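K.L.:
My questions all concern the structure below.
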Amino acid sequence: ASEHQMPASKQQPASPNIAIFEQENFQGRCHELSGACPNLKDAGVDKVGSILVHSGPWVGYEQASCKGEQFVFEKGEYPRWDSWTNSRRSDSITSLRPIKVVRAPRQPLPTRQTKDSQEHKIVLYENPSFTGKKIEIIDDDVPSFHAHGYQEKVSSVRVQSGTWVGYQYPGYRGYQYLFEKGDYKDSSEFGAQHPQIQSVRRIRDMQWHQRGAYHPSN
Amino acid sequence: MGEAAVPPELDTFPAAKMAQTNPLPVPMGPWKITVYDQENFQGKRMEFTSACPNIMECGFDNIRSLKVECGAWVGYEHTGFCGQQFILERGEYPRWDAWSGSNAYHIERLMSFRPVCSANHKESKITVYEKDNFIGRQWEISDDYPSLQAMGWANNEVGSMKIPCGAWVCYQYPGYRGYQYVLEADHHGGDYKHWREWGSHAQTSQIQSIRRIQQ
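Chain order of the listed sequences is A and B.
One point on numbering: in my numbering, the residue at position 127 of the first sequence is 127, and numbering is uninterrupted.
Each number in my numbering comes from the position in the second sequence (counting from 1) with 1000 added on.
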């Protein structure tokens, strides 16, 4: 029942939409955003107390102009600051932007396993400028690099397809680093002060990634 | 680095006591975890290859850093495998916040731990149901879902779950955040018919992300 294909007309991605509440548990003044906001204070948001993501994904930043610690938001409910930070270092969000997602190649199911149809591919390197030992991940989430025999630091990253989140600790904990398609040749380019990443996962949303989506049958 | 303590006779831990706390399957694979009583892998150090229901019996007052060298483990806030659960896969955890996530009710205690015997990244399956007792809309899952709602699930709750194979960790918030619930095919017969069965720390049926456990 969950394998129905959506009609093509329903596959147009909805425009990004996020509701920011000034208090915890979706209370207080509410501000809705449908695009990037480089400084929430300028937009009249005094404090970010809770967040509802109606259509995502989004990335929040501790500082204005998309700087500082990153917080990835996918569709869902975030009633307190501790539901979006993984590091507990800061409860501040000062800027937000939608994450650009590239639609997965639409291939008939039997060919989806071939290399050309990969939806997500990332290569992480021990040293800057894509050198040293590397770990390559295709269409999977990896909660532990050590379990795959990779125990080195991560100083540069190349995303060939898809959008990813890297984490300082195993099991998607600690600092979060957003990786969009492109090259990050030094850890400062992905916003890390220490070149340590021990887990990485895909960002998936049925608006772009139909494989594995849930379609309730009528 | 502190002195290495002598590992206790864990293999001969009384079977009756284990059965009272949690009916553990006999570990089959290689598991290895090293725990320390200070942060950053300092202080008293001890290696384990099977479950530890009470770290205080090994002369620790708490665990403040750890390394998982083999297998997947689950750590608990309290002795006897109770309280908040922390999934521990291979890697280095230098401080409590590396395993506890970011809960409002944050804790800096890890007093018992055991291997997750049924972890199987390739073969894991779980069916989630809208309501408790396996009623309502259902969704059979064999992949990781950082946001159930982004992939079509209607709300922020899951009523009940059946696990035919593998081991899963379910989280309160999207993106693998908030309370962690470790659910296994070889516990409860793989059937978790109400949120009260997810763990002694469960307070609601809120689940917004689900993933397989890496062995």
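Just so it is clear, CB atoms sit at the ideal spot from N, CA and C, and this is done for glycine as well.
Just so we're clear, the structure is a prediction, and the values are computed from it rather than from any experiment.
1) Can you name, in chain order, every residue of its own chain whose Cβ lies under 6 Å from the Cβ of A:S15, other than the five neighbours on each side?
2) Can you tell which of B:T1204, B:C1082, B:Q1149 and B:D1061 has the C-alpha that lies nearest to the C-alpha of B:D1132?
3) CB B:V1128 to CB B:M1151, shorter than 8 Å?
4) Comparing the C-beta of A:P143 with each C-beta of chain B, is any distance below 8 Å?
5) Determine the direct distance from the alpha carbon of B:S1142 to that of A:P170, and round the result to whole angstroms.
6) Which bits of chain B does A:R103 rub up against, with CB to CB less than 7 Å?
7) Under 8 Å between C-beta atoms, does A:H194 make it to chain B?
8) Within this structure, are the beta carbons of A:E74 and A:I203 separated by less than 8 Å?
9) Let me check understanding here. Comparing Cα to Cα, which of A:D141, A:A213, A:S155 and A:D42 lies closest to A:N127?
10) Leaving aside the five residues before and after A:K121 along the sequence, list all residues of the same chain whose C-beta is less than 6 Å from its C-beta, in chain order.
11) Give the straight-line distance between the Cα atoms of A:A213 and A:P57, rounded to the nearest whole angstrom.
12) Are the C-beta atoms of A:Y61 and some chain B residue less than 8 Å apart?
13) Would you kindly work out how many angstroms separate the C-alpha atoms of B:G1075 and A:K134, rounded to a whole number?
14) Compare the beta carbon distance of A:S92 and A:E136 with 8 Å and say whether it is the shorter of the two.
15) By DSSP, does B:C1070 sit in helix, in strand, or in coil?
16) Between the region 1047-1061 of chain B and the region 1160-1174 of chain B, do three or more beta carbon pairs fall short of 8 Å?
17) What residue range is occupied by the uninterrupted beta strand (DSSP E) comprising A:D183?
18) Check the DSSP bridge columns for A:R173 and list the partner residues they point to.
19) Give me the Cα-Cα distance between A:C30 and B:E1039, rounded to the nearest whole angstrom.
20) With a threshold of 8 Å between beta-carbons, can B:S1160 be considered close to chain A, or not?
21) Going by C-alpha distance, which of A:G191, A:S83 and A:L178 is nearest B:Y1176?
22) So is B:P1030 buried or exposed if we call it buried at 16+ other beta carbons inside 10 Å?
23) Expressed to the nearest angstrom, what Euclidean distance is found between the alpha-carbon atoms of B:H1281 and B:I1087?
24) Hey, is A:G171's beta-carbon within less than 8 Å of any beta-carbon in chain B?
25) Less than 8 Å between the C-beta atoms of A:Q70 and A:Q176, yes or no?
26) Does the distance from the C-beta atom of B:A1051 to that of B:A1119 stay below 8 Å?
27) Within a Cβ cutoff of 7 Å, which residues of the same chain sit near B:E1157, ignoring the five residues on either side of it in sequence?
28) Give a yes or no on whether 8 Å exceeds the smallest Cβ distance from B:R1211 to chain A.
29) Excluding five sequence neighbours on each side, which residues of the same chain lie with their C-beta closer than 7 Å to the C-beta of B:C1082?
30) Is B:I1163 near B:G1190, with beta carbons less than 8 Å apart?
31) Is B:E1089 close to chain A, meaning its C-beta is less than 8 Å from at least one C-beta of that chain?
32) Whose Cβ in chain A lies nearer than 9 Å to the Cβ of B:M1151?
33) So, for B:F1060: in the same chain, excluding its five sequence neighbours on each side, which residues have a beta-carbon less than 6 Å away from its beta-carbon?
34) In the region 1155-1185 of chain B, which residues sit with their C-beta less than 7 Å from some C-beta in chain A, listed in chain order?
35) Looking at chain B, is there any beta carbon in it that lies within less than 8 Å of the beta carbon of A:W164?
36) Skipping 5 residues on each side, what residues in its chain have a beta carbon closer than 6 Å to that of A:P110?
P.N.:
Reading off the structure:
1) S34
2) B:T1204
3) no
4) yes
5) 21 Å
6) By Cβ distance, chain B contributes nothing, its closest Cβ being about 15 Å from A:R103, past 7 Å.
7) no
8) yes
9) A:S155
10) I138, Q160 and S161
11) 16 Å
12) no
13) 30 Å
14) no
15) strand
16) no
17) G182 to Y184
18) A:Y169
19) 41 Å
20) no
21) A:S83
22) exposed
23) An answer regarding residue 1281 of chain B cannot be provided, because it is not within the stretch 1001 to 1215 covered by chain B.
24) yes
25) yes
26) no
27) S1205, Q1206 and I1207
28) yes
29) Y1076 and S1200
30) yes
31) yes
32) K75, R204, D205, M206, H209, G212, A213 and Y214
33) D1037
34) N1156, Y1173, P1174, G1175, Y1176, R1177 and G1178
35) no
36) For A:P110, the pLDDT reaches just 48, beneath the cut-off of 50, and the residue's location in the model is therefore unreliable, leaving the point undetermined.
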